[in-house]
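Heads up, the sequence shown is in our numbering, so the first residue is 67 and it goes up one at a time.
Just so it is clear, CB atoms sit at the ideal spot from N, CA and C, and this is done for glycine as well.
Computed from a predicted model, the values in this text were never measured in an experiment.
Report on the structure given below.
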Amino acid sequence: MAAVTPPKPSAAAASTTRIGSRRARAAVTAAAAAAAPAAGRAAVSSAFEEYILDLQQRIIQSAETLDGSGARFQHDRWSRSPSNPNAGYGITSVLEGGSVLEKAAANISVVAGVLSPERAKAMSSRGRAAIDPAGGQSYSAAAMSLVFHSAHPFIPTLRADVRLFEVEGQMWYGGGCDLTPFYVQEGDFAEFHGFWKALCDRHDAQLYPEFKAWCDRYFHIPCRKEHRGVGGLFFDDVDAATAGYDVEQFVRNVGDSILPSWIPIVERRRGQQFSDAQRQWQLLRRGRYLEFNLLYDRGVKFGLDGGRVESIMVSAPPLIAWKYNVQPEPGSEEERLVQLLQQPREWA
């Protein structure tokens with residue numbers, strides 16, 4: 067993806083940009099909001115849309131600084147349907163070939179449409195009483211998602227998102243943040259979970275155990291009988307009207323805390339030496355990451371059905387290895403990881 071010049075506030079939907087200072091971020095956020103289709107923007111909470119646009123730019127700036135190599139995110143602004151400006155838009159932002167960040171994607175989507183019977187039935191079955199299983203209702207959705215793949219085997223992959231889904235005035239929020247490690251670093255995992263527990267506890271003491279367990283259930287690979295990683299938080303279909311706490315503020319706090327939960331691990335591990343064999347193990351374990359995405363992840367399945375293949379598959383690791391029936395050496399650090407992923411563990 068080639069670099070392009072920064073857009074002016076009146077830039078067309080295909081414009082792309084790179085963000086620097088706080089003033090530049092604010093200008094780009096305003097420009098992106100102004101360039102979005104007016105009817106599509108009105109369909110989703112404008113405040114949440116503006117929040118995720120700004121969040122994306124803050125994450126990009128922090129990630130480029132963290133990487134430190136001079137590698138920069140490239141930005142692809144797309145329209146969901148050129149013939150229908152109300153269908154929505156997205157901004158796919160990708161950094162590749164950094165010193166720490168081998169591949170990092172931080173993406174925005176703001177879309178609207180009509181629920182198909184298949185999707186309406188699936189959503190209704192998860193407890194959304196306002197959804198007609200027959201389909202046909204208008205919906206709007208806004209999300210910011212990221213996946214950061216490190217070049218270092220001792221730095222876990224980071225995945226996170228925050229999202230809002232609306233149907234006929236009812237709002238449901240979702241999101242989360244989790245780690246997929248290649249080697250066991252128990253102190254790092256405990257610190258990560260402790261960070262998220264403290265954040266959850268500021269809103270409701272029941273949130274961390276509930277969302278941690280949800281994460282463990284969701285990021286499971288049944289065919290492998292193992293979990294994708296060591297978890298974190300995951301939540302979906304949280305009804306803003308009945309949750310009993312300020313869900314939107316909680317989701318904003320989650321978004322603001324994604325990189326602060328991971329950066330201490332990066333800074334601690336980035337200088338550690340690793341071997342070619344450890345790098346090869348990282349590539350093999352990345353295969354499990356992609357297996358989960360392609361076989362089980364609801365967001366990937368929905369996104370592929372929607373036709374934006376590049377924006378969905380941007381979460382894939384840059385390099386992966388598959389070997390037949392790989393078994394780690396007994397007593398090795400690699401076997402220790404495989405054993406850890408068999409059953410969820412309480413970290414905080």
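Residue(s) in a DSSP beta bridge with residue i
i: L60; result: An answer regarding residue 60 cannot be provided, because it is not within the stretch 67 to 414 covered by the chain.
i: H293; result: H286
i: Y239; result: L230, V304
i: A172; result: S159, L212
i: W144; result: G156
i: G298; result: D244
i: L224; result: F214, L245
i: L167; result: S216
Inter-residue Cα distance where the pair is residue i and residue j
i: E115; j: V176; result: 7 Å
i: D322; j: L121; result: 7 Å
i: R351; j: Q409; result: 17 Å
i: P399; j: Y249; result: Per the sequence shown, the amino acid found at residue 399 is Glu instead of Pro. The alpha-carbon atoms of E399 and Y249 are separated by roughly 7 Å.
i: L273; j: D267; result: 7 Å
i: F231; j: P326; result: 26 Å
i: G241; j: S211; result: 9 Å
i: A171; j: A271; result: 32 Å
i: W413; j: W328; result: 15 Å
i: R411; j: W238; result: 29 Å
i: G164; j: A343; result: 21 Å
i: A93; j: F139; result: Legend: pLDDT at A93 = 45, less than 50; position of this residue unreliable, value from coordinates given subsequently. Their backbone Cα atoms lie some 18 Å apart in a straight line.
i: R294; j: N319; result: 25 Å
i: D282; j: L265; result: 18 Å
i: W144; j: I378; result: 13 Å
i: P275; j: M189; result: 24 Å
i: A200; j: R185; result: 9 Å
i: I85; j: V233; result: Its pLDDT being 35, under 50, I85 is placed unreliably in this model, and the value from its coordinates should be taken loosely. Roughly 33 Å separates the two Cα atoms.
Cβ separation of residue i and residue j, assumed to be a contact under 8 Å, to the nearest whole Å
i: S216; j: E168; result: 6 Å
i: I118; j: I174; result: 6 Å
i: L181; j: Y155; result: Contact doesn't hold; Cβ gap of about 20 Å is too wide.
i: I287; j: E357; result: 6 Å
Classification of residue i by the beta-carbon crowding that lies within 10 angstroms, buried from 16 upward
i: K278; result: buried
i: P183; result: exposed
i: P396; result: exposed
i: V313; result: buried
i: Q393; result: exposed
i: S381; result: buried
i: R229; result: buried
i: N359; result: buried
i: Q339; result: exposed
Contact with chain B by residue i, beta-carbon distance below 8 Å
i: L119; result: Given the protein chain composition of this structure (a single chain), no chain B is represented.
In the segment 176-210, which residue ranges form an unbroken alpha helix (DSSP H) of at least 4 residues, counting only runs that do not cross its ends? Counting only runs of 4 or more, we get 183-191.
Can you check the segment 335-375 for any alpha helix (DSSP H) of at least 4 residues that lies completely inside it and give the ranges in chain order? Secondary structure within the segment 335-375: the alpha helix (DSSP H) runs of 4 or more consecutive residues, fully enclosed, are 342-361, 364-372 (chain order).
Which ranges would you report for the alpha helix (DSSP H) in the segment 373-398 if only whole runs of at least 4 residues count? Fully enclosed alpha helix (DSSP H) runs of 4 or longer: 375-379.
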